[in-house]
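A short worksheet on the structure shown next.
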Amino acid sequence: MPTVLIVDDEQHIRLLIEQTLEELEDEGVELQTASDGEMALDVVRNHKPELVFLDVMMPKLDGFEVCRAIRSDPELAGTTVVMLTAKGQAYDRDQGLEAGADRYLTKPFDPDELLDVARAALGLAGAADGGGAA
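Whatever position you read off the sequence shown (first residue = 1), add 565 for the numbering used here.
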């Protein structure tokens, strides 16, 4: 069963992302959440999700640190990391991509884009940029 990890220190944002992605559960995708960077790394190392939506500004470890830790672990090489953050400046985007993020999306996010990114990363039908119908 493919797994998506949603990491954000703000509960209402985690819930909003979960609600956006909940239709993927009908396709066998498991949604998990974490509220800080340390918890995120624990979940990633123990459950090895295929996709991580990762906030940048969080307590304990920020999203850049979490992304670098994921990228430094050979067992997690196949994990897709998408930064999803309010930090939308070019410098922040560059820092996220340099840390190893596959994509960098800004809040507020477009629910359809978020769903398309998830579908493409998981290889599910219907991904607009993954070859399927939008």
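Glycine included, C-beta positions come from ideal geometry on N, C-alpha and C. Please read these numbers as outputs of a predicted model, since none were measured by experiment.
Practice task
Please say whether V647 and L619 have beta carbons closer to each other than 9 Å?
Solution key: Looking up residue 619 in the sequence shown gives position 54. Looking up residue 647 in the sequence shown gives position 82. Result yes, Cβ atoms of L619 and V647 sit closer than 9 Å.
Exercise for the section: Count the other C-beta atoms from every protein chain shown that fall within 10 angstroms of the C-beta of Y686, then say buried if there are 16 or more, exposed otherwise. Expected result: Counting from 1 along the sequence shown, the entry for residue 686 is found at position 121. The question names Tyr, yet the displayed sequence has Ala at residue 686. Classification of A686: buried, given that the 10 Å Cβ count is 16 or more.
Handout entry: At least three beta-carbon pairs within less than 8 Å, the stretch 646–664 to the stretch 617–631
Key = Three or more Cβ pairs drawn from the stretch 646–664 and the stretch 617–631 lie within less than 8 Å of each other, which places the two stretches in contact.
Exercise for the section: Measure the C-alpha to C-alpha separation of E583 and E575 and round it to an integer number of angstroms. Expected result: Here residue 583 refers to the residue found at position 18 of the sequence shown. Here residue 575 refers to the residue found at position 10 of the sequence shown. Near 13 Å, if we compare the C-alpha coordinates of E575 and E583.
Problem - Segment limits, beta strand (DSSP E) that includes A599 - result: Here residue 599 refers to the residue found at position 34 when the sequence shown is read from its first residue. E595 to A599 is the extent of the beta strand (DSSP E) around A599.
Practice task
Report the rounded CA-to-CA distance for T650 versus K672, giving the unit in angstroms.
Solution key: As a working mapping, residue 650 is identified with position 85 in the sequence shown. As a working mapping, residue 672 is identified with position 107 in the sequence shown. The alpha-carbon atoms of T650 and K672 are separated by roughly 5 Å.
Handout entry: With 16 other Cβ atoms within 10 Å as the buried cut-off, status of M623
Key = Translated into positions along the sequence shown, residue 623 becomes position 58. Classification of M623: buried, given that the 10 Å Cβ count is 16 or more.
Handout entry: CB contact flag (V569, L606, <9 Å)
Key = Working through the sequence shown from its first residue, we reach residue 569 at position 4. Working through the sequence shown from its first residue, we reach residue 606 at position 41. The answer is no: Cβ separation not under 9 Å.
Exercise for the section: Taking M604 as the reference, give the member of V621, R579, D659 and V572 with the closest Cα. Expected result: Numbered from its first residue, the sequence shown carries residue 604 at position 39. Of the candidates V621, R579, D659 and V572, the one whose C-alpha sits nearest the C-alpha of M604 is V572.
Practice task
Would you mind working out which of A655, V609 and E587 sits nearest P639, comparing C-alpha positions?
Solution key: Here the question's residue 639 lines up with position 74 in the sequence shown. Checked all of A655, V609 and E587; the closest Cα to P639 is V609.
Practice task
Measure the CB-CB distance between L589 and L689 and report whether it falls below 9 Å.
Solution key: As a position in the sequence shown, residue 589 is number 24, starting the count at 1. As a position in the sequence shown, residue 689 is number 124, starting the count at 1. Against a cut-off of 9 Å, the Cβ pair of L689 and L589 comes out as a contact.
Exercise for the section: Determine the burial state of P614: buried for a count of at least 16 other Cβ atoms within 10 Å of its Cβ, exposed for fewer. Expected result: Here residue 614 refers to the residue found at position 49 when the sequence shown is read from its first residue. Buried: at least 16 other Cβ atoms inside 10 Å.
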